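Residue numbers (the numbering used here): 11 to 182.
Glycine residues also receive a C-beta, built at the ideal position from the N, C-alpha and C atoms.
Predicted, not measured: the structure shown is a model, and the values here were computed from it.
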């Protein structure tokens with residue numbers, strides 16, 4: 011399936027000069043969603059995964075579907091202040107600003123094997139922060155799965171020590 015034909019490019023969003031890769035048309039296409047989840051399951055199924063970790067908010071969409079297909083738990087990483095109880099927190103840079111995210115301290119433990127999922131890899135700041143959060147829990151990241159990688163932004167360098175599956179790569 012050619013996901014590039016489904017993904018829409020929105021110029022000057024969220025600010026001038028950025029060409030946003032809009033995955034909304036994928037969520038509207040059941041065949042595309044099934045295809046993506048199948049690819050993610052193939053990537054994850056031989057890794058003894060105990061949890062899928064998804065990054066707010068679009069990482070929740072396919073991350074929870076992947077966890078369901080694998081028959082395992084889903085753990086959210088959310089923006090600061092959105093999770094109850096004690097959390098680990100991590101600040102990170104976006105390609106157009108700064109933000110902070112959290113994971114509940116007791117969401118994962120030593121010995122857990124996780125797949126980290128997000129929709130798009132751009133500069134790598136979000137994934138790098140999520141990896142730091144997961145490491146604080148004692149769990150191990152067995153792989154990262156993404157729908158889109160904006161390879162021209164070199165975010166993959168920040169996660170080069172991890173096995174990475176990106177279904178669509180843009181080089182410019």
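What does the alpha-carbon distance come out to for the pair residue i and residue j?
i: residue 79; j: residue 169; result: 25 Å
i: residue 55; j: residue 119; result: 20 Å
i: residue 43; j: residue 37; result: 6 Å
i: residue 85; j: residue 73; result: 9 Å
i: residue 65; j: residue 133; result: 15 Å
i: residue 103; j: residue 165; result: 12 Å
i: residue 112; j: residue 41; result: 32 Å
Where do the N-terminal and C-terminal ends of the beta strand (DSSP E) with residue i fall, by residue?
i: residue 83; result: 83-89
i: residue 21; result: 18-21
i: residue 30; result: 29-32
Using a Cβ-Cβ cut-off of 7 Å (strictly less than) and excluding sequence neighbours within five positions of residue i, which residues of its own chain qualify?
i: residue 51; result: 76, 79 and 80
i: residue 27; result: none
Short of 8 Å in beta carbon distance, which residues of its chain neighbour residue i, apart from the five on each side in sequence? Order them along the chain.
i: residue 178; result: 13, 14, 17, 157, 158 and 159
i: residue 95; result: 114, 115 and 116
According to DSSP, what are the bridge partners of residue i?
i: residue 100; result: 111
Quiz item: What are the start and end residues of each continuous alpha helix (DSSP H) run of 4 or more residues lying completely inside the region 103-178, in chain order?
Solution: 135-147
Self-check item: Contiguous alpha helix (DSSP H) assignments of at least 4 residues, all confined to the region 36-78
Solution: Runs found: 40-54.
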